[in-house]
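**Student:** Quick one: this structure, given as structure tokens, is what I'll be asking you about.
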Amino acid sequence: MKAPALPADESRRLAQLRALNILHTPAEERFDRLTRLARRLFGVPVALVSLLEEDHQWFKSIAGQSAATAPRNTSFCGHAVLQDDVMVVENALEDERFHDNPLVNTSENPLRFYAGCPLRTPAGAKVGTLCIVDHHAREFNADDMNTLRDLAAMAEAELVAFQTATSDELTQITNRRGFMTLGQLALNECEAKQLPASLTFLDLDRFKAINDTLGHREGDRALMDFADAMKVSFRHADIFARLGGDEFVVLFNGLQQADAEGVLARFDGFLQKQTQDLDRRYALHFSSGIVEFDPDHPLSLVQLLEGSDARMYEAKNGKKKQAQ
20 MKAPALPADE
30 SRRLAQLRAL
40 NILHTPAEER
50 FDRLTRLARR
60 LFGVPVALVS
70 LLEEDHQWFK
80 SIAGQSAATA
90 PRNTSFCGHA
100 VLQDDVMVVE
110 NALEDERFHD
120 NPLVNTSENP
130 LRFYAGCPLR
140 TPAGAKVGTL
150 CIVDHHAREF
160 NADDMNTLRD
170 LAAMAEAELV
180 AFQTATSDEL
190 TQITNRRGFM
200 TLGQLALNEC
210 EAKQLPASLT
220 FLDLDRFKAI
230 NDTLGHREGD
240 RALMDFADAM
250 KVSFRHADIF
260 ARLGGDEFVV
270 LFNGLQQADA
280 EGVLARFDGF
290 LQKQTQDLDR
300 RYALHFSSGI
310 VEFDPDHPLS
320 LVQLLEGSDA
330 RMYEAKNGKK
340 KQAQ
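In terms of my numbering, the sequence shown has 331 at position 312, counting the first letter as 1, and numbering is strictly consecutive.
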């Protein structure tokens, strides 16, 4: 087994890693959604955001396993940070660096395939990787490498710019910027694999009345309640976000419109029960508009949002007319 060498800038690299103040912090949705998405996009059992400390690697996020750390001297990530671009090992048994690595020569879930993209700080230090692992040898083409680079770029942004990257500060779910990136990646995958998807625009009903009568602090609490209900109700494969104000959106991966409508109905039921259980002084209702993605005639994410937004306003105006 060939243990990874230390980078020439190891002292500087470790200093920049520790300056991020992220080591050994709790799991966070903003990283977990990236590893979940990587796992689904590539069809692999394991995806990780791995940060390399002095003698071990620590996983800020890991989808598919439960480990929190692993030795650095047997890690593939230790080799990946020595490179400037994605490191791909299509079959570890045929690679002289890894063929006798204990991770490769185990009877349970042996590591056969690895692809890892270095994660850099703004100053350029490579502090870890976004990587994917499979228990079977496989090929990894140029499009796959570009997708992994895109996800790694988002992980880098999350490491150093939580407020401005892909997370909404108030609700701690994806924001508009993150949704536009993650959503289009998901649609590209649906098109390539000929899978359905549905997008729905959600707008809270009478949200202004909550702010006007109960104050903006209560309005913020209502938005957080709504986002919390989304976290519980929707699948890990779905991408949901707060676009701004009281506007939210969900991209249902693999669901046709009829199935998405059923999920929304169940979400509405959960939302009402949650509001009652929390003894809020208001009820939360929403208007929605669903459009279906056709992989044979694909529309862009922007086009789907425009169509869904228009249908949502039709539904909202219909409610207003009924109330008159």
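Positions of the beta carbon are idealized from the N, C-alpha and C atoms, including for glycine.
Going residue by residue through the stretch 188-236, where are the continuous alpha helix (DSSP H) segments of at least 4 residues, counting only ones entirely within it?
**Tutor:** If we require 4 residues or more, the alpha helix (DSSP H) runs fully inside the stretch 188-236 come out as 195-212 and 226-233.
**Student:** Going by CA-CA distance only, name the one from ASP74, CYS136 and HIS118 that's closest to LEU101.
**Tutor:** Measuring from the Cα of LEU101, the nearest candidate turns out to be CYS136.
**Student:** Counting pairs of Cβ atoms below 8 Å between the stretch 210-230 and the stretch 262-280, do you hit three or more?
**Tutor:** Output reads yes: the stretch 262-280 touches the stretch 210-230.
**Student:** Could you please give me the residues that DSSP links to ARG59 through a beta bridge?
**Tutor:** DSSP output for ARG59 lists no bridge partner at all.
**Student:** DSSP on PHE181, reduced to helix/strand/coil?
**Tutor:** Interpretation of PHE181 is limited by its pLDDT of 47, a score under 50 that renders its predicted location unreliable; the figure taken from the coordinates is listed afterwards. Coil.
**Student:** Kindly list the residues whose CB is nearer than 7 Å to the CB of MET17, restricted to its own chain and excluding five residues on each side of it in sequence; keep chain order.
**Tutor:** Outside the displayed span of the chain (20 to 343) sits residue 17, for which this structure offers no information.
**Student:** Which runs of the beta strand (DSSP E) at least 3 residues long sit entirely within the stretch 240-302? Give them in chain order.
**Tutor:** List check, beta strand (DSSP E) in window: 258-263 and 266-272.
**Student:** For ARG52, collect the residues of the same chain with a Cβ closer than 6 Å to its Cβ; drop the 5 residues on either side in sequence, then sort them by chain order.
**Tutor:** Here the set comprises nothing.
**Student:** What residues match up with PHE117 in a beta bridge as DSSP calls it?
**Tutor:** In the DSSP output, where bridge partners are listed per residue, PHE117 has none listed.
**Student:** Given a threshold of 16 other Cβ atoms within 10 Å of its Cβ, counted over all protein chains shown, does PHE289 qualify as buried or as exposed?
**Tutor:** Classification of PHE289: exposed, given that the 10 Å Cβ count is below 16.
**Student:** Starting from the C-beta of GLU67, find all residues in its chain whose C-beta is less than 7 Å away, skip the five residues before and the five after it, and write them out in chain order.
**Tutor:** The sequence given here has Leu at residue 67, not Glu. Answer for LEU67: THR54, PHE78, SER80, ILE81 and CYS150, listed in chain order.
**Student:** For GLU325 and ALA174, what's the separation of their Cα atoms in angstroms?
**Tutor:** Approximately 28 Å between the Cα atoms of the pair.
**Student:** From what residue to what residue does the beta strand (DSSP E) around GLU311 run?
**Tutor:** Run containing GLU311: 305-312, per the beta strand (DSSP E) assignment.
**Student:** Indicate the three-state DSSP secondary structure (helix, strand or coil) for LYS21 in the structure shown.
**Tutor:** In this structure, LYS21 counts as coil in the three-state DSSP scheme.
**Student:** Contact between the stretch 195-203 and the stretch 232-242 is defined here as three or more beta-carbon pairs at a separation below 8 Å; is this criterion met?
**Tutor:** As far as the Cβ criterion goes, the stretch 195-203 does not touch the stretch 232-242, which means the pair count is below three.
**Student:** Under 8 Å, with one C-beta from each stretch per pair, do the stretch 299-306 and the stretch 223-235 reach the 3-pair mark?
**Tutor:** Enough Cβ pairs lie closer than 8 Å, so yes.
**Student:** By DSSP, does ARG139 sit in helix, in strand, or in coil?
**Tutor:** Correct three-state label for ARG139: strand.
**Student:** Give me whichever residues DSSP pairs with MET106 in a beta bridge.
**Tutor:** Answer is GLY135.
**Student:** Based on DSSP bridge pairs, tell me the residues matched to THR148.
**Tutor:** Its beta-bridge partners are SER69 and PRO137.
**Student:** Give every residue of the same chain whose Cβ lies closer than 8 Å to the Cβ of LEU39, excluding the five residues on either side of it in the sequence, and list them in chain order.
**Tutor:** Closer than 8 Å at Cβ, skipping near neighbours: THR140, VAL146, LEU178 and VAL179.
**Student:** For ALA215 and GLN275, which I take to be in contact (beta-carbon distance under 8 Å), what is that distance rounded to the nearest angstrom?
**Tutor:** Residue identity differs from the one stated: residue 215 is Pro in this sequence, not Ala. That belief holds up - the Cβ atoms of PRO215 and GLN275 are roughly 5 Å apart, short of 8 Å.
**Student:** Quick check on DSSP: helix, strand or coil for ARG37?
**Tutor:** Correct three-state label for ARG37: helix.
**Student:** Grouping DSSP H, G and I as helix and E and B as strand, with all else coil, what is GLN84?
**Tutor:** Coil, per DSSP.
**Student:** Where does the unbroken alpha helix (DSSP H) through ASP328 begin, and where does it stop?
**Tutor:** Residues 320-342.
**Student:** Between the Cα of HIS118 and those of GLY281, ALA22 and GLN213, spot the shortest distance and give me the residue it belongs to.
**Tutor:** Per the Cα distances, ALA22.
**Student:** If you follow the alpha helix (DSSP H) that ALA99 is part of, which residue opens it and which one closes it?
**Tutor:** Per DSSP, ALA99 belongs to the alpha helix (DSSP H) from 96-99.
**Student:** Taking the beta carbon of SER186 as the centre, do at least 16 other beta carbons fall within 10 Å, making it buried, or is it exposed?
**Tutor:** Under this definition SER186 is a buried residue.
**Student:** Checking 8 Å against the spacing of the C-beta atoms, do ASP153 and PHE132 come in under that value?
**Tutor:** Contact flag set, yes.
**Student:** State the CB to CB distance for the pair SER252 and PHE286, rounded to an integer number of angstroms; the pair is presumed to be in contact (CB under 8 Å).
**Tutor:** About 4 Å; that satisfies the 8 Å criterion.
**Student:** In chain order, what residues of the same chain lie with their CB nearer than 7 Å to the CB of ILE229, ignoring the 5 residues before and after it?
**Tutor:** Only GLU237, GLY238, ALA241 and TYR301 meet the Cβ criterion.
**Student:** Would you mind giving the Cβ-Cβ distance between ARG261 and ALA144, rounded to the nearest angstrom? I have them listed as a contact below 8 Å.
**Tutor:** With a Cβ gap of about 32 Å, ARG261 and ALA144 do not count as contacting.
**Student:** Apart from the five residues just before and just after LEU323, which ones in its own chain have a Cβ nearer than 7 Å to its Cβ?
**Tutor:** Excluding sequence neighbours, LEU323 sits near LEU218, VAL310 and PHE312.
**Student:** By the 10 Å Cβ neighbour count, where 16 or more other Cβ atoms means buried, how is ASP257 classified, buried or exposed?
**Tutor:** Under this definition ASP257 is a buried residue.
**Student:** Which of the three DSSP states, helix, strand or coil, is assigned to ALA89?
**Tutor:** ALA89 falls in the strand class under three-state DSSP.
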